[in-house]
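Below is one structure, written out as structure tokens, with a few remarks after it.
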Amino acid sequence: MKIVVLMKQTFTTEARIELDGSGKPNDSKVKKVVNPYDEFAVEEAIQLVERKVAEKVTVVCLGPASAEEALRQCLAMGADEAVRVDSAGLEEADSSVVASVLAGAVKSMGYDLLLAGYVAVDDNAAQVAVRVAELLDIPQINVVSKLEVANGTATGWREADGRTEVLEVPLPALVTADKSLNKPRYPTLPNIMKAKKKPLEIKAPADFGINPPASKTRVVKYELPPPKSGAKIFKGTPAEAAAALVKALREEAKVV
Amino acid sequence: MTVEIRPRIKGYSFLLEETDPALVFTPEDFTDEHRQFIRTTREFVDQEIEPIREELEKLDRDLLKNTLKKAGEAGLFMIEVPEQYGGLGLDLISQMVVIENLGGSGGFAVAYGVQIGIGSEPILFFGNDEQKQRYLPRLASGEIIGAYGLTEPGSGSDALAARTSAALSEDGKHYILNGSKVFISNGGIADLYTVFGKVNGEHFTAFLIERGAPGFSIGAEEDKMGIKSSSTTTLTFQDVKVPVENVLGEIGKGHKIALNILNLGRIKLGVGVGGGIKQALGRAVRYGIQRKQFNTRLVDFPLIRQKIAGMVARAYASESMGYRTSGDIDEAIRAAGAHGEPTLDRQLATLEELSGECAINKVFDSECLDWVVDEAVQIHGGYGFIAEYKVEAGYRDARISRIYEGTNEINRLFISGNLFKRAMTGRLPLIGAVQKIQAAVLSPLEPYDGAGKPLADVAEAIFNAKRLYLFVGGVIAQRFMPDMDRISKEQEALAWMADMVIHIYALESAYLRAVKRIEAGDPPAESHADAVRYQMLDSTAVIEQSARTLLEGYFADDSLKTNLAVLRKFAKWPHVNRVELGRKLAKAAVEAEGYPFEVVS
Ligand SMILES: Cc1cc2nc3c(=O)[nH]c(=O)nc-3n(C[C@H](O)[C@H](O)[C@H](O)COP(=O)(O)OP(=O)(O)OC[C@H]3O[C@@H](n4cnc5c(N)ncnc54)[C@H](O)[C@@H]3O)c2cc1C
Chain A
1 MKIVVLMKQT
11 FTTEARIELD
21 GSGKPNDSKV
31 KKVVNPYDEF
41 AVEEAIQLVE
51 RKVAEKVTVV
61 CLGPASAEEA
71 LRQCLAMGAD
81 EAVRVDSAGL
91 EEADSSVVAS
101 VLAGAVKSMG
111 YDLLLAGYVA
121 VDDNAAQVAV
131 RVAELLDIPQ
141 INVVSKLEVA
151 NGTATGWREA
161 DGRTEVLEVP
171 LPALVTADKS
181 LNKPRYPTLP
191 NIMKAKKKPL
201 EIKAPADFGI
211 NPPASKTRVV
221 KYELPPPKSG
231 AKIFKGTPAE
241 AAAALVKALR
251 EEAKVV
Chain B
257 MTVEIRPRIK
267 GYSFLLEETD
277 PALVFTPEDF
287 TDEHRQFIRT
297 TREFVDQEIE
307 PIREELEKLD
317 RDLLKNTLKK
327 AGEAGLFMIE
337 VPEQYGGLGL
347 DLISQMVVIE
357 NLGGSGGFAV
367 AYGVQIGIGS
377 EPILFFGNDE
387 QKQRYLPRLA
397 SGEIIGAYGL
407 TEPGSGSDAL
417 AARTSAALSE
427 DGKHYILNGS
437 KVFISNGGIA
447 DLYTVFGKVN
457 GEHFTAFLIE
467 RGAPGFSIGA
477 EEDKMGIKSS
487 STTTLTFQDV
497 KVPVENVLGE
507 IGKGHKIALN
517 ILNLGRIKLG
527 VGVGGGIKQA
537 LGRAVRYGIQ
547 RKQFNTRLVD
557 FPLIRQKIAG
567 MVARAYASES
577 MGYRTSGDID
587 EAIRAAGAHG
597 EPTLDRQLAT
607 LEELSGECAI
617 NKVFDSECLD
627 WVVDEAVQIH
637 GGYGFIAEYK
647 VEAGYRDARI
657 SRIYEGTNEI
667 NRLFISGNLF
677 KRAMTGRLPL
687 IGAVQKIQAA
697 VLSPLEPYDG
707 AGKPLADVAE
717 AIFNAKRLYL
727 FVGGVIAQRF
737 MPDMDRISKE
747 QEALAWMADM
757 VIHIYALESA
767 YLRAVKRIEA
777 GDPPAESHAD
787 AVRYQMLDST
797 AVIEQSARTL
807 LEGYFADDSL
817 KTNLAVLRKF
827 AKWPHVNRVE
837 LGRKLAKAAV
847 EAEGYPFEVV
857 S
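Protein chains in written order, with our numbering: chain A, 1 to 256; chain B, 257 to 857.
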């Protein structure tokens with residue numbers, strides 16, 4: 001069984017975003033990482049190989065050359081191969097475009113199971129993975145906190161309002177990860193070294209016969225969130241702190 | 257053996273020439289692989305050490321061993337061990353990124369440092385193939401833990417005066433060891449001990465002793481001021497039979513092992529300490545952001561900002577210096593190995609060549625750390641005095657670094673003594689340089705040509721500091737010529753000259769890094785320049801004060817007056833507004849919520 005993981009390189013969640021002269025988030029100044037939700041997907045894929053459910057994990061990322069560091073990290077965690085689809089000319093592309101490129105790429109690469117984080121922490125759109133599944137016309141289970149794969153089916157558990165839903169779909173299918181799915185490993189030093197020898201291919205959309213469509217949305221403007229006012233910590237026993245909090249919400253914040 | 261080393265990689269040559277910034281390794285030059293190593297090390301600290309920090313502080317040996325095992329699983333012990341013995345055989349920079357990022361972990365960092373350093377390097381560099389096969393793979397994996405026993409109750413700084421004795425058994429199969437060691441790190445948890453003793457009370461020799469050998473006992477844990485999560489015990493040998501196969505290196509050549517291992521130990525300690533500096537700085541800044549007095553964040557008080565600026569400048573200088581030296585060592589080893597594998601002999605010769613720089617790192621970093629943890633406590637106010645706050649342990653943990661790997665006094669004596677020896681034997685063309693300076697003093701000084709250089713004001717200060725050093729060092733050395741032995745008794749002269757050398761190297765390392773940033777056109781280059789200038793204020797003050805004190809100590813009357821007049825000619829530093837500069841540099845740290853030159857998220 002072959003697993004393909006969709007991965008995006010994102011800002012770190014602690015990154016302090018600044019806007020550049022043209023009003024866009026300043027890319028060069030912030031440090032980037034594997035989107036944390038995609039890390040759960042990579043971890044799950046590796047565990048499926050370790051449990052001998054799957055044979056091979058390929059990680060694919062649409063991004064610039066700098067995304068290769070993130071792909072190397074996935075390889076160091078244990079993925080077998082990586083593909084970077086070059087994003088040149090697609091820097092402004094929206095989720096629909098990204099999804100169509102990725103769908104085309106994984107289609108020609110071949111897969112039995114697609115894994116991805118359910119959301120990327122930078123734009124919080126939660127669009128790409130679900131669109132890929134739609135474009136490929138395969139079933140999907142989203143935001144899973146537990147996954148089992150056996151006998152040509154994938155079973156996913158997901159937390160819904162006050163209950164857990166269990167969904168079963170036939171493979172090939174797409175599953176997106178929630179943060180409770182697993183605890184991603186950090187790569188060991190020897191695996192970091194071994195990852196250097198693993199294949200990392202660089203492709204253009206055209207290599208997969210894809211001609212990226214035009215974006216369906218347009219960013220009108222980026223704005224930074226208003227500066228946060230200081231947090232307040234209520235000390236004392238939990239009961240005292242709760243009482244003080246309610247009082248503050250009533251009298252100071254006037255929200256209850 | 258002699259090794260051809262490229263000119264710029266000659267030890268102490270920085271005193272005699274300018275270094276091309278392009279040839280200096282800086283943290284901004286980290287590769288993707290370095291960044292991954294850093295992330296893994298930080299993940300290890302966050303996941304395996306931080307959650308059990310308090311338990312580790314109580315020194316539960318099983319917990320410590322277990323945590324070391326996990327470090328082994330992450331491959332953290334494999335860094336230096338060659339691939340053929342189960343390691344990764346990384347170059348020094350790659351080792352350093354791991355060491356630095358574990359450096360803030362108090363006693364655990366000590367246990368780790370011993371395992372990868374003095375616990376395994378004696379075998380790595382001096383073991384025969386059989387010994388390496390037997391121990392290195394298990395040390396690299398963490399299956400066994402190493403320790404190193406040199407210090408004795410009666411011999412610390414004077415380590416070669418050890419009294420532990422070894423006598424060959426009648427059948428010639430064993431050495432019988434008697435004696436004791438004190439303050440042995442990992443003593444209570446190790447499986448393998450490299451121990452020094454004297455064969456027939458005379459020939460200083462290293463032995464490999466395994467835990468459990470009959471007659472070998474391990475004492476109780478010392479109750480220490482800091483690094484409490486590390487194990488420190490005495491070792492006692494009562495007629496311990498050590499198989500002759502366990503002699504490490506040659507009989508009577510133990511000093512070679514002890515001295516060579518020190519060089520690596522010092523630079524690694526320095527870089528590890530650098531990790532502690534950045535950690536304390538980060539904690540102080542984050543605390544100061546969240547704590548308000550007089551309705552103002554602590555970090556917004558100018559006096560607090562100046563403290564933060566001092567921390568940043570020290571962290572910057574220490575980091576720049578550690579990676580500069582490590583990069584030079586790597587390059588010298590590569591150059592030495594250009595016609596074949598860099599053999600262990602060549603590696604040792606390279607380390608010896610740069611032994612002065614290794615000692616400089618050790619002294620500067622350990623003293624910066626002490627200053628930084630002290631101010632970190634101060635920024636925390638009363639809370640800094642309370643064990644619940646991590647800076648309290650950081651303060652206590654820092655203190656040991658000035659004591660082991662050679663006390664800072666011993667290291668200062670070494671820095672100057674070693675330099676003089678090289679000058680006298682012509683290994684370092686110091687005398688010619690001194691003569692040139694002395695001739696130049698007689699006429700109006702040749703101005704520094706900094707035209708078109710970035711940070712030309714700093715470059716000029718460094719240029720002047722070097723001239724001042726050569727002048728002062730020269731006139732003092734001449735006082736004792738031709739009997740150079742006498743100068744070794746002038747400890748003040750040696751130590752205060754060492755202070756000048758240390759600050760020249762630290763300031764220049766920071767400067768070279770900043771120039772590299774400016775030339776690369778990096779946006780935060782301005783902060784780099786601020787850090788260098790702040791360090792320049794402190795370093796030039798030490799340099800000038802040391803020079804003055806030296807002249808006043810060794811000259812009187814007219815000759816003192818003449819020499820002080822020369823001092824004034826050289827001691828020309830640019831005017832810097834510390835008020836503004838400090839506030840600005842601290843602002844960068846407050847915005848970054850810690851060290852502003854962090855290169856990995
Ligand atoms: C926690 C801890 C862990 C340690 N781990 C190890 C280990 O794993 N293995 C090991 O072998 N050792 C270890 N040591 C020992 C350490 O290396 C020694 O303590 C150190 O070398 C100093 O020796 P000493 O304590 O005997 O002090 P001394 O040598 O007695 O020095 C006392 C003071 O006199 C000064 N002094 C000494 N000689 C001179 C001189 N010639 N000129 C001027 N001043 C001088 C020193 O600088 C110092 O200030 C450890 C020590 C500690 C505290």
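Built from N, CA and C at the ideal position, the CB exists for glycine as well.
Remember, it's a predicted structure, so these values are computed and weren't measured experimentally.
Under 8 Å between C-beta atoms of residue i and residue j
i              : j              : result
A770 (chain B) : L711 (chain B) : yes
R789 (chain B) : V714 (chain B) : yes
W752 (chain B) : L806 (chain B) : yes
G443 (chain B) : A396 (chain B) : no
L380 (chain B) : V337 (chain B) : yes
A133 (chain A) : L171 (chain A) : no
E661 (chain B) : L525 (chain B) : yes
S487 (chain B) : S413 (chain B) : no
I743 (chain B) : F676 (chain B) : yes
L6 (chain A)   : A129 (chain A) : yes
Spatially closest choice to residue i from the options, by CA coordinates
i              : options                           : result
V731 (chain B) : B:I718, B:E613, B:Q694 and B:P738 : B:Q694
Y767 (chain B) : B:I265, B:G267, B:F281 and B:D288 : B:F281
P64 (chain A)  : A:L167, A:R84, A:V53 and A:E14    : A:R84
L841 (chain B) : B:A785, B:K534, B:T297 and B:G267 : B:A785
E274 (chain B) : B:L726, B:I718 and B:A845         : B:I718
G913 (chain B) : B:L392, B:H636, B:G410 and B:G505 : Residue numbering for chain B in the displayed model covers 257 to 857; residue 913 (chain B) lies beyond these limits and cannot be assessed.
T296 (chain B) : A:E55, A:Q73 and A:E43            : A:Q73
I523 (chain B) : B:G359, B:G673 and B:A749         : B:G359
A67 (chain A)  : A:K32, A:E44, A:I46 and A:S100    : A:K32
G331 (chain B) : A:P190, A:K235, A:L75 and A:K203  : A:P190
T12 (chain A)  : A:G230, A:A206, A:I3 and A:V30    : A:V30
V855 (chain B) : B:Y572, B:R317 and B:L433         : B:Y572
L320 (chain B) : B:A365, B:D347 and B:S350         : B:A365
E329 (chain B) : B:Y268, B:I400 and B:F382         : B:I400
V697 (chain B) : B:E377, B:A821 and B:T450         : B:A821
P499 (chain B) : B:D778, B:P470, B:M680 and B:R590 : B:P470
Residue i beta carbon near ligand 1 (any heavy atom closer than 7 Å)
i              : result
A749 (chain B) : no
E665 (chain B) : yes
K480 (chain B) : yes
F281 (chain B) : no
Y449 (chain B) : no
T143 (chain A) : The sequence shown places Val at residue 143 (chain A), not Thr. False, no ligand heavy atom lies under 7 Å from that Cβ.
A403 (chain B) : yes
F382 (chain B) : no
V370 (chain B) : yes
I483 (chain B) : yes
Cβ neighbours of residue i in the same chain (closer than 6 Å, five flanking residues each side left out)
i              : result
V455 (chain B) : A422, T461 and I507
L554 (chain B) : G544, R547 and I560
P187 (chain A) : A76 and M77
A125 (chain A) : S95
E39 (chain A)  : P184
E613 (chain B) : T581
Residues of its chain near residue i, where Cβ-Cβ distance is below 8 Å and the 5 sequence neighbours each way are ignored
i              : result
E339 (chain B) : G345
S215 (chain B) : This structure cannot settle anything about residue 215 (chain B), because the visible part of chain B is limited to 257 through 857.
Y725 (chain B) : L271, M753, M756, V757, I760, I799 and A803
Beta-carbon proximity list for residue i, same chain, < 7 Å, skipping 5 on both sides
i              : result
A327 (chain B) : F300, F333, Y368 and G398
A241 (chain A) : F234 and K235
P558 (chain B) : R839
Y810 (chain B) : I732, R735 and A749
V259 (chain B) : With a pLDDT of only 47 at V259 (chain B), under the threshold of 50, the placement of this residue in the model should not be trusted; the figure read from the coordinates follows. The residues are A592, R602, A605 and T606.
I192 (chain A) : A76
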